[in-house]
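Residue numbers (the working numbering): 685 to 939. No residue lacks a Cβ here, since even glycine has one placed at the ideal position from N, Cα and C. Since we're looking at a predicted model, the values are computed, not measured.
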Amino acid sequence: MEVEYKFLCPGELDHQKTMDIIGTLNMSSETNILSVDFEHISTKYLDSTKGTLRNSKIALRERLENSEFFSNNDLDYNFINYDLHAIEEESWQRFCAEVKNQLENQRVSYARHILSFKWGGSAEDGLHKRSEVEFESDRGDIDFSRLDSEVYRLYKMVDKEGIVALFTTMVRRIKVLVRFNDSDIEVCIDKGFLVKDEEVSDISKEHVLSEIELELNHGNEDDLKCVADCLSKKFNLTPNEVSKFQRGLNLYYGN
Numbered sequence: 685m686e687v688e689y690k691f692l693c694p695g696e697l698d699h700q701k702t703m704d705i706i707g708t709l710n711m712s713s714e715t716n717i718l719s720v721d722f723e724h725i726s727t728k729y730l731d732s733t734k735g736t737l738r739n740s741k742i743a744l745r746e747r748l749e750n751s752e753f754f755s756n757n758d759l760d761y762n763f764i765n766y767d768l769h770a771i772e773e774e775s776w777q778r779f780c781a782e783v784k785n786q787l788e789n790q791r792v793s794y795a796r797h798i799l800s801f802k803w804g805g806s807a808e809d810g811l812h813k814r815s816e817v818e819f820e821s822d823r824g825d826i827d828f829s830r831l832d833s834e835v836y837r838l839y840k841m842v843d844k845e846g847i848v849a850l851f852t853t854m855v856r857r858i859k860v861l862v863r864f865n866d867s868d869i870e871v872c873i874d875k876g877f878l879v880k881d882e883e884v885s886d887i888s889k890e891h892v893l894s895e896i897e898l899e900l901n902h903g904n905e906d907d908l909k910c911v912a913d914c915l916s917k918k919f920n921l922t923p924n925e926v927s928k929f930q931r932g933l934n935l936y937y938g939n
C-alpha cells in the first residue's frame, strides 16, 4: 500500500524555495536527512484506446529514470548551503536539455526501466492511499503473481486490445530521505511537464507540474503527518487531491 501526502506549492517552485524546503528538513532537530537523490523521470501512462484500465481506476505506467545519489556522509553543512544549490541548478539544466531532446524525438538514455501498477485507494486532504506494485522491467523480474487477480485480468485484456501511450510526464525530482522518530519518509520535490503523447513534439501543449510529495517508506502515519504538517504550514502548501494520472487524463480527453 502506497501512503503519501501530495501538495501544490504557491508561486514558482524555484531554486531558492527548493533549497529552503531541504534546509528546513536539515535544520530540524527532530529530522535526520539520510540521503538526497536527484532523479530525471520520464513516465508514459498506458491503456487501450477503450480506456479499460482507466474505467477501473487502474494506472499502468512505464517509468524511465536517471539519478544522482548522495548519502548522509555527503550532507555536511557546506554541502547543504552551497554545493547542493549548485548541483540542484545543474541538475535542472540537464533535465531541461533532456526534455528538449525528447520533445524533438531525439534519443535519451535512462538507467532504470520500471513498469508499475496503481489501483484503488482514496484521497482526502492531500493524503493518498493506493495499492502499488512495481517491476524492474530491465532486469526481467516481472512476476505478475504479485498483482491483484482482477488487475492482472484487466491488464491481459488491455494487452489484447492493444496498449497505447496516453500521455507523458517529464519530471526532475529531488528525493530527500528523512528519518523522523522511527519512520523513514521520502520528501519528493517535483518540477516538470505533462504532454499529450501524440503531440509530444508540440511544446505549446506542455502543462507545468510543480508538486511536493511525502511518502511513508516505513513507520507510522502519525510521523508522516507531522512532517507533512510542518512543511505545509511553513510553506503555505495546498493539499492536492488530483494526481498526475488524473491531470494527464484530463489533458488526453480534453477536459
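Do residue j and residue i come within 8 Å of each other at the CB atom, strictly closer than that value?
i: Glu688; j: Leu900; result: yes
i: Lys741; j: Asn924; result: no
i: Ser800; j: Val817; result: yes
i: Met703; j: Glu772; result: yes
i: Val792; j: Phe877; result: no
i: Leu898; j: Val871; result: yes
i: Asp721; j: Val842; result: no
i: Leu861; j: Ser719; result: yes
i: Leu831; j: Leu692; result: no
i: Gly804; j: His812; result: no
Can you have a look at residue i and say buried or exposed, based on whether 16 or more other CB atoms are within 10 angstroms of its CB?
i: Ser775; result: buried
i: Asp698; result: exposed
i: Val911; result: buried
i: Leu814; result: According to the sequence as given, residue 814 is Arg; it is not Leu. Arg814 is buried by the Cβ-count criterion.
i: Arg738; result: buried
i: Thr727; result: buried
i: Lys928; result: buried
i: Tyr936; result: buried
i: Ala743; result: buried
i: Glu808; result: exposed
Go to residue i, then tell me how far its beta strand (DSSP E) extends in each direction, as first and last residue.
i: Ser805; result: The question names Ser, yet the displayed sequence has Gly at residue 805. Taken as a continuous stretch (DSSP letters only), the beta strand (DSSP E) holding Gly805 covers Arg796 to Glu808.
i: Glu820; result: Leu811 to Glu820
i: Glu834; result: Careful: Glu834 lies outside any beta strand (DSSP E), inside the alpha helix (DSSP H) at Ser833 to Glu845.
i: Leu861; result: Val848 to Phe864
i: Gly876; result: Ser867 to Lys880
i: Thr715; result: Thr715 to Asp731
Among the options, which has the Cα closest to the Cα of residue i?
i: Asp822; options: Ile705, Thr702 and Arg747; result: Arg747
i: Gly938; options: Ile896, Val879 and Glu816; result: Val879
i: Tyr794; options: Asn750, Gly810, Gly805 and Ser829; result: Asn750
i: Phe779; options: Leu744, Asp874 and Arg745; result: Asp874
i: Asn865; options: Leu850, His902, His891 and Lys844; result: His902
i: Asn716; options: Tyr729, Gly810, Ile847 and Gly707; result: Gly707
i: Thr736; options: Lys918, Val860, His724 and Glu845; result: Glu845
i: Ile896; options: Asn904, Gly804, Asn789 and Cys914; result: Cys914
i: Leu850; options: Gly695, Glu696 and Asn934; result: Asn934
i: Arg931; options: Tyr729, Gly695 and Glu686; result: Tyr729
i: Ile725; options: Ser829, Ala770 and Ile798; result: Ile798
i: Glu686; options: Asn904, Val848 and Lys918; result: Asn904
i: Lys859; options: Phe828, Glu723, Gln700 and Phe819; result: Glu723
At the 8 Å Cβ level, is residue i part of the contact set with chain B, yes or no?
i: Pro694; result: You won't find chain B in this structure, because it holds only one protein chain.
Tell me which residue opens and which closes the alpha helix (DSSP H) that residue i is part of.
i: Asn920; result: First-last for Asn920: undefined, no H or E at that position.
i: Tyr689; result: No alpha helix (DSSP H) holds Tyr689; the beta strand (DSSP E) holding it covers Glu686 to Leu692.
i: Ile706; result: His699 to Met711
i: Gly903; result: No alpha helix (DSSP H) holds Gly903; DSSP gives it neither H nor E.
i: Tyr937; result: Run containing Tyr937: none; DSSP gives neither H nor E here.
i: Arg738; result: Thr736 to Asn739
Is it a yes or a no for the stretch 823-842 touching the stretch 855-866, going by three-plus beta-carbon pairs under 8 Å?
A contact is defined here as three or more CB-CB pairs under 8 Å, and the stretch 823-842 fails this definition with respect to the stretch 855-866.
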